[in-house]
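With my numbering applied, the sequence shown corresponds to residues 4 to 315, in that order. Following: one structure in C-alpha cells, then a few remarks.
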Amino acid sequence: MARIVTVGIAQLGPIRRSESRQDVVVRLLALMEDAARMGADLIVYPEAALTAFFPHWWIDDEAELDSWFEREMPGAATRPLFEAARRLRIGFHLGYAELAVADGRKRRFNTAILVGKDGAIIGKYRKIHLPGYADHRPEQPFQNLEKRYFEVGNLGFPVWHAFGGRVGVMICNDRRWPEAYRVMGLQGVELVLLGYNTPVHNPAMPETDDLTNFHNHLSMQAGAYQNATWVVGVAKAGVEEGVDQIGQSCVIAPSGEIVVQCATLGDELQVARCDLDLCAAYKANIFNFAKHRRVEHYGLIVERTGAGDVLG
Ligand code: ING
4 MARIVTVGIA QLGPIRRSES RQDVVVRLLA LMEDAARMGA DLIVYPEAAL TAFFPHWWID
64 DEAELDSWFE REMPGAATRP LFEAARRLRI GFHLGYAELA VADGRKRRFN TAILVGKDGA
124 IIGKYRKIHL PGYADHRPEQ PFQNLEKRYF EVGNLGFPVW HAFGGRVGVM ICNDRRWPEA
184 YRVMGLQGVE LVLLGYNTPV HNPAMPETDD LTNFHNHLSM QAGAYQNATW VVGVAKAGVE
244 EGVDQIGQSC VIAPSGEIVV QCATLGDELQ VARCDLDLCA AYKANIFNFA KHRRVEHYGL
304 IVERTGAGDV LG
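Right under this line is the structure:
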C-alpha cells in the first residue's frame, strides 16, 4: 500500500520586528487549522518562523540579541502550537533561533525541530552551513550576520523514522550544499524538510540577483533527484524589514519535479500528497548507492559522516 504523507507548506509573509511571538503564533495556528482541515499529516513552517530574520541587521547589545532567541521549546508563547498539534493530530516543522545554556555558557543556534502528531518533539537540527560574515558592513543594504549570531550546528544531519518514513531536516543555506542531502541520502531519507529566508539581492554577487529564484529551485530539485527523496522548501517571503525575500515555497518529488508551489509572497498554505514509495524505484535503480556509487575510486578523502558503514 502507498505510504502517503500529506504535507502542508506554510509559507510566511514578512514578520515585523515589532510583532510579538504571540502575534506570530496566531498566524501559525491559522495555517495549522487550515492544514488540518485539508487533511495534512504535517505542516512545515519556514526558518526563523517566530521572528523577523534578525541576522539582516547589526546588533551589538547582548540583551537585545538574546531577545530574538527561544530559551525553551515549547515556551509560553509556543506552547499553543504544540497543544493544537496534539488536538488536531498534525505534526509540524518549526524553524527558530535557539539559545541553550550548557556548562554555564550561552550557545546560540539557528535551529529547526520536527514535532509528531502527539505534540512531542521527534528531533532537532542545528544549521551547519552558516552563510555571510561576522563583521559589521554598514555599506551593505542589509547584513548577513549568521556567523556572528549563531554557532555552527553540532547535531549532524540526522534522519528520523517518522510519519511512516525516513525524515530529515536542513535549513536554508544547507540546501545549496550537496553534502547535506547526500549525508541524509546515505541514511535512506525519503522526505527532507527545510525552511529559508532568502533575499532577492545578494550584495556579494549582485550579478546573480536575477537568478535567485532559479538557484533556489535548482538546489532543491537537484538534491531531491540525486538522493531519491522528496524535498519540501518553505519560505519566509516578501519585504521584511526592508529586505525583499523570495517566496516560491514548494514540494519536490524524487523525480526532481515540483508538484506544488506557492504563488504569493504572503502567508500561504499549499498541500501535497507525498507518496514515499516513489523514492524506492530511484533508490533501487539509478541511485542505488551500493551498486553504482564508487567512493573508493573517487580519489578523494571522504569525511566520515558518522553514518557508519553506509558510506560503503
Ligand atoms: N539565506 C540565504 C540562502 O542561502 C544566501 C543566504 C543567499 C547565500 C544567496 C548565498 C546566496 O538562501 C540564509 N538564511 O541562509
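Glycine included, C-beta positions come from ideal geometry on N, C-alpha and C.
Note that the C-beta distance between L68 and Y136 is not below 9 Å.
Ranking D278, E142, T54 by CA distance to the CA of R20 puts T54 first. Secondary structure remark: continuous alpha helix (DSSP H) runs of at least 4 residues inside the stretch 39 to 104, in chain order: 65 to 69, 82 to 91.
Distance check between H96 and each of E73, K127, Q146, S70 places K127 closest, using alpha-carbon atoms only. Within the stretch 99 to 176, the alpha helix (DSSP H) runs of at least 4 residues that lie entirely inside it are, in chain order, 149 to 152.
If you draw a straight line from the Cα of V186 to the Cα of A115, it comes to about 18 Å. The beta-bridge partner set that DSSP reports for I255 consists of V234, I261. Distances from the CB of N176 to the heavy atoms of the ligand ING include at least one below 8 Å.
DSSP, read as helix, strand or coil, puts V28 in helix. With contacts defined by Cβ atoms closer than 9 Å, A51 and G198 form a contacting pair. Under the three-state reduction of DSSP output, L281 falls in the helix class. In the structure shown, P181 adopts helical secondary structure according to DSSP, grouped into three states.
For Y228, the enclosing alpha helix (DSSP H) stretches over residues 215 to 229. In this model, A266 and I12 are separated by some 12 Å (Cα to Cα).
Contact check between the stretch 104 to 114 and the stretch 137 to 146: fewer than three CB pairs, one atom from each, fall below 8 Å, which does not count as touching.
In terms of Cβ geometry, R74 and V104 form a close pair [threshold 9 Å].
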